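All residue numbers in the sequence shown are consecutive under this note's numbering, ending with 918. Note that CB positions come from ideal geometry on N, CA and C, so glycine has one too. Quantities reported herein were computed from a predicted structural model and do not represent experimental measurements.
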Amino acid sequence: MMNLIELVEAGDVQGVLGALRELTAEQRAAQAAPLEAHFEPGLGNKWVIPSPQWQALAAARMGSRPRPRDAVDWLVNADYLTLTCGWMVDITNLYSTEWRAELVACIAAQSWWGSLHNGLLFELAEHIILDTGCPLPTSDEFIRQWLMNRAERRWRPGRPDHVLGGPRDGNLLARLRNDPFTPTLLPLAVASPKVGVSAYRKDLVAFAAKGVIDRDMLIRRTFLDLTRRTPAVQVAEKLLAGEPLSPSEQDLVARTRAELAGSLISDVLRGSPRPLTDLQALALTPAENAPLLRDHVAMLDRSSLIAAYGQEVLLDLDGAGLLEADVLTEICERVLLRPEKKLVGAQLAWLNRVAKRDATRTGRILTDAALTFQHSDVGLQERALNLVARHLPAVTDEQVLSDLREAAASLNPGLTTRATELLGPPGQDATGPSAGPSDELLRDILPEVPEPAPVRPIDTAAEVAPEVAVLLADRENVVAFERALDGLVRHARLDRGTLSKALEPVMRRKRDLPGSRWSWTPLDTQLDVYDVAAAVRGDEPRTWHVRLRHEDPDLRAFWAAMAIPPTDMLKARLTEAIELIESDAQPYLLALPTHANGAVDAATLVERITEFESLGITPAPIDLAQALLRVTPTDDERVRDAADALRSNAGRRLARWLDQGGAPHRDTTPEKWPADNPIGAEPGRWAPADPCTDHDLPLPPVAAALLGPSGPYTSAGGAFWFAQLPHHRDEMAARLANTRSPQVATPATIPSPRLLPRLMEMHGTAGYATHWQIARRLDGNAKEEDAVVDALLVLAAQGQLDARLFAGQWQALLRTPARATAVLRAAAETGAWATVWSILEAALPALLRDKAVNGAGAILALAVECAARSGAKGSIPEVDEMAMRKGSSQTMKNARLLRDVLRS
Numbered sequence: 015m016m017n018l019i020e021l022v023e024a025g026d027v028q029g030v031l032g033a034l035r036e037l038t039a040e041q042r043a044a045q046a047a048p049l050e051a052h053f054e055p056g057l058g059n060k061w062v063i064p065s066p067q068w069q070a071l072a073a074a075r076m077g078s079r080p081r082p083r084d085a086v087d088w089l090v091n092a093d094y095l096t097l098t099c100g101w102m103v104d105i106t107n108l109y110s111t112e113w114r115a116e117l118v119a120c121i122a123a124q125s126w127w128g129s130l131h132n133g134l135l136f137e138l139a140e141h142i143i144l145d146t147g148c149p150l151p152t153s154d155e156f157i158r159q160w161l162m163n164r165a166e167r168r169w170r171p172g173r174p175d176h177v178l179g180g181p182r183d184g185n186l187l188a189r190l191r192n193d194p195f196t197p198t199l200l201p202l203a204v205a206s207p208k209v210g211v212s213a214y215r216k217d218l219v220a221f222a223a224k225g226v227i228d229r230d231m232l233i234r235r236t237f238l239d240l241t242r243r244t245p246a247v248q249v250a251e252k253l254l255a256g257e258p259l260s261p262s263e264q265d266l267v268a269r270t271r272a273e274l275a276g277s278l279i280s281d282v283l284r285g286s287p288r289p290l291t292d293l294q295a296l297a298l299t300p301a302e303n304a305p306l307l308r309d310h311v312a313m314l315d316r317s318s319l320i321a322a323y324g325q326e327v328l329l330d331l332d333g334a335g336l337l338e339a340d341v342l343t344e345i346c347e348r349v350l351l352r353p354e355k356k357l358v359g360a361q362l363a364w365l366n367r368v369a370k371r372d373a374t375r376t377g378r379i380l381t382d383a384a385l386t387f388q389h390s391d392v393g394l395q396e397r398a399l400n401l402v403a404r405h406l407p408a409v410t411d412e413q414v415l416s417d418l419r420e421a422a423a424s425l426n427p428g429l430t431t432r433a434t435e436l437l438g439p440p441g442q443d444a445t446g447p448s449a450g451p452s453d454e455l456l457r458d459i460l461p462e463v464p465e466p467a468p469v470r471p472i473d474t475a476a477e478v479a480p481e482v483a484v485l486l487a488d489r490e491n492v493v494a495f496e497r498a499l500d501g502l503v504r505h506a507r508l509d510r511g512t513l514s515k516a517l518e519p520v521m522r523r524k525r526d527l528p529g530s531r532w533s534w535t536p537l538d539t540q541l542d543v544y545d546v547a548a549a550v551r552g553d554e555p556r557t558w559h560v561r562l563r564h565e566d567p568d569l570r571a572f573w574a575a576m577a578i579p580p581t582d583m584l585k586a587r588l589t590e591a592i593e594l595i596e597s598d599a600q601p602y603l604l605a606l607p608t609h610a611n612g613a614v615d616a617a618t619l620v621e622r623i624t625e626f627e628s629l630g631i632t633p634a635p636i637d638l639a640q641a642l643l644r645v646t647p648t649d650d651e652r653v654r655d656a657a658d659a660l661r662s663n664a665g666r667r668l669a670r671w672l673d674q675g676g677a678p679h680r681d682t683t684p685e686k687w688p689a690d691n692p693i694g695a696e697p698g699r700w701a702p703a704d705p706c707t708d709h710d711l712p713l714p715p716v717a718a719a720l721l722g723p724s725g726p727y728t729s730a731g732g733a734f735w736f737a738q739l740p741h742h743r744d745e746m747a748a749r750l751a752n753t754r755s756p757q758v759a760t761p762a763t764i765p766s767p768r769l770l771p772r773l774m775e776m777h778g779t780a781g782y783a784t785h786w787q788i789a790r791r792l793d794g795n796a797k798e799e800d801a802v803v804d805a806l807l808v809l810a811a812q813g814q815l816d817a818r819l820f821a822g823q824w825q826a827l828l829r830t831p832a833r834a835t836a837v838l839r840a841a842a843e844t845g846a847w848a849t850v851w852s853i854l855e856a857a858l859p860a861l862l863r864d865k866a867v868n869g870a871g872a873i874l875a876l877a878v879e880c881a882a883r884s885g886a887k888g889s890i891p892e893v894d895e896m897a898m899r900k901g902s903s904q905t906m907k908n909a910r911l912l913r914d915v916l917r918s
């Protein structure tokens, strides 16, 4: 059999353990000296000995120390140990239960501070305690290591299965709840000032509430931790130890607690929720909180967490008789319309308790509770109505009844029948009943259809430079770009000297090669108007000139694989503008828009080409192509006749273009989309189809590419692509979905927040892709909520909203029902009740079919209100089926309300 040294040199840890198992305690002790002597050169540096040998050596060295004290001393001072304690457990298993219990006692008595192996020592001790049932150590060091071990987010890597103990799944609170050490060690941790517990204070508050630790002890310990750097620290230590305090010391404690409360509450009111845990642990009494009443009322306007704490404190003050009725009314005004159901529910429960406690206050309490009738959540409205019904018999004041009837006018229409039975018709007074607001059918209120602002050419050379400066500061400013480009061409011909002088301040900062050529992207192409201005002045071309940039071999190779039609078109227009300035061949640009969305009025373009004919000028090809893509189709016979009268090639092209209605349009509906039954669409992305045209357009290739196949970088055109194709809204919406497959969207960039507003300003049909761009954002980024609401309402105002299509897309794309419901509610509350109902009516069968989607209760609540406000009648089978089910969930309740509204 190999001896111990040979096994170590072979790196055989299991062999070492087996050899030690065959030896007596005395024989193991005799191995220590030979081991130390043989491996002495490498003992101070583990890198001298290979890792497998080092692990085997560690096992042999520990096993050759048969006295528990010696083994612990060696473990504490060892230079390097493995990450797991499995081999240590195996060695201790060579000894008796009594020996292992003594080892645990030695570990607990040992100072571990500065040891590299605190975690391993604790894990070894924990295993032995659980395995043998030996006494649980209660030293400060052991308790400290226990807390640190339980707070670890994960187990140590490679922890062997035969090693008992360790953190369980879940967070620290869950681990401690299931820990057999908690009942003994946690109270001791709180009681010992040498064991840091500040990091665990939130969990300690929860355990104090459950009675696992003494609440008074936690209060005293928190007071000590918060006063360690104050004059009160010594008194706090006495307080924690349970020593009696003198009257002056008691006064110091009271003053210090008040100062701490004021400081912590000030931090909370500045928006930080972290001091809330300290306040909860301090457990201020109602008497201590009373001077800070207004601060706690102010908390009700802060975040949910802060408001909940303020509400809890104010509830305690009310229970102690320290809250005036006026303050309770103010509290209700601050809380009852908050979106958090838990806060509102707690407030209603509070009002219920007050009404039970003091019948003389019932009238005011019910009036306060009735504020909830204005809440957007019908479940909370119903809860408030139940509160009113419960305590209404105690009300005799007719003014209170009148106020409640008036408040009931704000209830969800599904609750108005019950409210009328309970309170009488809205508006009822001594002279008799009268119809209230809840009975009114509201006409849909939609926004005015946005009209793009007019665009006019720049009148003087001096005005061109500021427009160039605006563009250079805002690369997405399409109007500034178009006016600046046209102004440079126009006034270079009219007054080049004045224009050159005006441009001098703009040109001082040379926009040359970026710090890294890779910091330039196609989105910067429009900024190359700088080169057009340089051509006006006759400046030497910069190294990053629009004509020279793509001669860079790296960039040429990099961008060669990227087809980006809008930026290629911009580059072509800029290059052509430089040529026009150098040749003085054209007085201005035909493609200058007449409207901010890029559109060119047909009559205006006819006038421009007529002027070119009179001057004998042939338009530049890219400029003419862009003008044709922008011209607004028209049925005005006078304009069409004027176009037909043109004799130049450009004029004849314009006449044919107008006759054909402009560039062709393509359907963007995906191939497998169930157009006949949109709500039957399976869940998925359902991205729009590529709107590539198969027509041979009479345009230069760079212009025709704008209507060509989409590529992976087609969304890089940003705002300028909208203005290049202002009459192809749906095609633009599809291209900006940036799809490779009709079923899967793969955006290369996050769409601009201005995408939807720009789409709504465009002309053209709003088909599948336009609806899809809105529907996909219903439950998307909360920052886009306003844009989504506006786009939906504008689409309806334009008469282009297809509710069935939109509903089908929404239910197929649905991810976060609560957010989508909030967006639709925001749209409805602008007055578009019928518009939103048309969407909900179409979507509900899919949302309720089989198993209702999460959040169906809130969707149904909105449907109830929309149906009632818009006067909708009829039935939806899926709603009727849900309404007939047994149960009292919000979904079933609201299904019954909707059924009744539609039948009434």
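Query raised in the report: Thinking just about the alpha-carbon of each residue, which of Leu178, Ser390 and Thr106 is nearest to the one in Val837?
Result: Here residue 837 corresponds to residue number 823 of the sequence shown, with the count starting at 1. When each option's Cα is compared against that of Val837, the closest is Ser390.
How would you call Gly501, buried or exposed, if buried means at least 16 neighbouring beta carbons within 10 angstroms? Numbered from its first residue, the sequence shown carries residue 501 at position 487. By the 10 Å Cβ count, Gly501 comes out buried.
> Would you report the Cα separation of Glu140 and Pro151, rounded to the nearest angstrom?
Replying inline: Locating residue 140 in the sequence shown gives position 126, where the first residue counts as 1. Locating residue 151 in the sequence shown gives position 137, where the first residue counts as 1. Between Glu140 and Pro151, the C-alpha separation is close to 10 Å.
Please report the Cβ distance between Leu187 and Ala220, rounded to the nearest whole angstrom; I am assuming they are in contact, meaning their Cβ atoms lie under 8 Å.
Along the sequence shown, one-based indexing puts residue 187 at 173. Along the sequence shown, one-based indexing puts residue 220 at 206. Rounded, the Cβ-Cβ distance is 6 Å, consistent with contact.
Give me the Cα-Cα distance between Val716 and Pro464, rounded to the nearest whole angstrom. Along the sequence shown, read from residue 1 onward, the residue named residue 716 stands at position 702. Along the sequence shown, read from residue 1 onward, the residue named residue 464 stands at position 450. Near 31 Å, if we compare the C-alpha coordinates of Pro464 and Val716.
Measuring CB to CB, does Leu380 end up less than 8 Å from Leu406? Here residue 380 corresponds to residue number 366 of the sequence shown, with the count starting at 1. Here residue 406 corresponds to residue number 392 of the sequence shown, with the count starting at 1. Yes, they are a contact pair.
At 4 residues or longer, what runs of the alpha helix (DSSP H) sit wholly inside the segment 678–722?
715–718
Query - Distance between beta carbons of Ala821 and Pro692, contact taken as under 8 Å - result: Taking the first residue of the sequence shown as 1, we reach residue 692 at position 678. Taking the first residue of the sequence shown as 1, we reach residue 821 at position 807. Indeed they touch by this definition, with Cβ atoms about 7 Å apart.
Less than 8 Å between the C-beta atoms of Thr98 and Pro174, yes or no?
Your numbering for residue 98 matches position 84 in the sequence shown. Your numbering for residue 174 matches position 160 in the sequence shown. Yes, the pair counts as a contact, with Cβ atoms nearer than the cut-off.
Val614 in three-state terms, based on DSSP
Walking along the sequence shown from the start, residue 614 turns up at place 600. Note: Val614 maps to strand in three-state DSSP.
Next on the checklist: Rounded to whole angstroms, what is the Cα-Cα separation between Ile345 and Ser416?
Outcome noted: Counting from 1 along the sequence shown, the entry for residue 345 is found at position 331. Counting from 1 along the sequence shown, the entry for residue 416 is found at position 402. Cα to Cα, the separation comes out at about 23 Å.
Checklist line | Between the CA atoms of Val915 and Pro723 - distance to the nearest angstrom | finding: On the sequence shown, position 709 is the one that residue 723 refers to. On the sequence shown, position 901 is the one that residue 915 refers to. About 50 Å.
Checklist entry - Pairing CB atoms from the segment 857–869 with CB atoms from the segment 469–478, are three or more of them under 8 Å? => result no
Can you say whether Gln41 is buried or exposed, counting buried as having 16 or more other CB atoms within 10 angstroms of its CB? Numbered from its first residue, the sequence shown carries residue 41 at position 27. So Gln41 ends up on the exposed side.
So, are the CB atoms of Val341 and Val368 less than 8 Å apart? Numbered from 1 along the sequence shown, position 327 holds the residue referred to as residue 341. Numbered from 1 along the sequence shown, position 354 holds the residue referred to as residue 368. No, these two residues do not count as a Cβ contact at 8 Å.
Would you report the Cα separation of Glu593 and Asp458, rounded to the nearest angstrom?
If you number the sequence shown from 1, residue 593 lands on position 579. If you number the sequence shown from 1, residue 458 lands on position 444. Computed Cα separation, rounded: 54 Å.
Check your understanding: Within this structure, are the beta carbons of Thr632 and Ala664 separated by less than 8 Å?
Key -> Along the sequence shown, read from residue 1 onward, the residue named residue 632 stands at position 618. Along the sequence shown, read from residue 1 onward, the residue named residue 664 stands at position 650. Result yes, Cβ atoms of Thr632 and Ala664 sit closer than 8 Å.
Quick check on the burial criterion: 16 or more other C-beta atoms within 10 angstroms. Buried or exposed for Pro702?
Indexing the sequence shown from 1 puts residue 702 at position 688. That one is buried.
| Hey, out of Ala301, Val282 and Leu298, whose CA is closest to Ala321's CA? | Counting from one through the sequence shown, the residue named residue 321 turns up at place 307. The option with the nearest alpha carbon to Ala321 is Val282.
inquiry  = What does the alpha-carbon distance come out to for the pair Ala33 and Asn17?
reply    = Here residue 33 corresponds to residue number 19 of the sequence shown, with the count starting at 1. Here residue 17 corresponds to residue number 3 of the sequence shown, with the count starting at 1. Each residue's Cα considered, the two are about 8 Å apart.
Given that a residue counts as buried once 16 or more other Cβ atoms are within 10 Å of its Cβ, and exposed if not, what is Arg910?
Here residue 910 refers to the residue found at position 896 of the sequence shown. By the neighbour-count rule (16 or more Cβ atoms within 10 Å), Arg910 is buried.
What is the DSSP secondary structure of Val478, counted as helix, strand or coil? Translated into the one-based positions of the sequence shown, residue 478 becomes position 464. Residue state, collapsed to three classes: helix.
Quiz prompt | Boundaries of the alpha helix (DSSP H) in which Asn192 is found, first to last residue | solution = Looking up residue 192 in the sequence shown gives position 178. Run containing Asn192: none; DSSP gives neither H nor E here.
Three-state secondary structure assigned by DSSP to His609 = In the sequence shown, residue 609 corresponds to position 595, counting from 1. Strand.
| task | In angstroms with no decimal places, state the Cα-to-Cα distance between Val118 and Ala85. | result | Numbered from its first residue, the sequence shown carries residue 118 at position 104. Numbered from its first residue, the sequence shown carries residue 85 at position 71. C-alpha separation (whole angstroms): 11 Å.
Quiz prompt | Within the segment 329–381, ranges of the alpha helix (DSSP H) (whole runs, at least 4 residues) | solution = 339–349 and 355–371
Could you tell me whether any Cβ in chain C is nearer than 8 Å to the Cβ of Arg497? The chain labelled as chain C is not found in the depicted structure, where only one protein chain is given.
Practice problem: Please say whether Leu328 and Phe296 have beta carbons closer to each other than 8 Å? | Solution: Sequence index remark: in the sequence shown, residue 296 carries index 282 (1-based). Sequence index remark: in the sequence shown, residue 328 carries index 314 (1-based). Reading off the sequence, residue 296 comes out as Leu, not Phe. No, Cβ-Cβ distance for Leu296 and Leu328 is not below 8 Å.
Q) So what does DSSP say about Pro859, is it helix, strand or coil? A) Within the sequence shown, residue 859 is the residue found at index 845, counting from 1. Correct three-state label for Pro859: helix.
Here's the rule: buried if 16 or more other CB atoms are within 10 angstroms of the residue's CB, otherwise exposed. What is Arg523?
Here residue 523 refers to the residue found at position 509 when the sequence shown is read from its first residue. The residue in question, Arg523, is exposed, as its Cβ has fewer than 16 Cβ neighbours within 10 Å.
Requested in this report: Give a yes or no on whether the C-beta atoms belonging to Val409 and Thr376 are separated by under 8 Å.
Outcome: The count along the sequence shown starts at 1 and reaches residue 409 at position 395. The count along the sequence shown starts at 1 and reaches residue 376 at position 362. Taking 8 Å as the Cβ cut-off, Val409 and Thr376 qualify as a contacting pair.
Tell me the rounded alpha-carbon separation between Arg754 and Tyr323.
Walking along the sequence shown from the start, residue 754 turns up at place 740. Walking along the sequence shown from the start, residue 323 turns up at place 309. Reliability of the predicted coordinates at Arg754 is poor, the pLDDT of 40 falling under 50, and the value obtained from them is presented with this limitation in mind. If I take the Cα positions, the gap works out to 51 Å.
> Taking the C-alpha atoms as reference points, what is the distance between Asp411 and Thr430?
Replying inline: On the sequence shown, residue 411 is found 397 positions in, with the first residue counted as 1. On the sequence shown, residue 430 is found 416 positions in, with the first residue counted as 1. Taking the straight line joining both Cα atoms gives about 22 Å.
- List the endpoints of the continuous alpha helix (DSSP H) containing Lys900. Along the sequence shown, read from residue 1 onward, the residue named residue 900 stands at position 886. Counting along the chain, Lys900 falls outside any alpha helix (DSSP H), and DSSP gives it neither H nor E.
> Under the three-state reduction of DSSP, which class applies to Val414: helix, strand or coil?
Replying inline: Taking the sequence shown and counting its residues from 1, the one referred to as residue 414 is at position 400. If DSSP states are grouped into helix, strand and coil, Val414 belongs with the helices.
(message) For Ala616 and Met776, I'd like the C-alpha separation in whole angstroms.
(response) As a first step, residue 616 is located in the sequence shown; it is residue number 602 there, counting from the start. As a first step, residue 776 is located in the sequence shown; it is residue number 762 there, counting from the start. Each residue's Cα considered, the two are about 16 Å apart.
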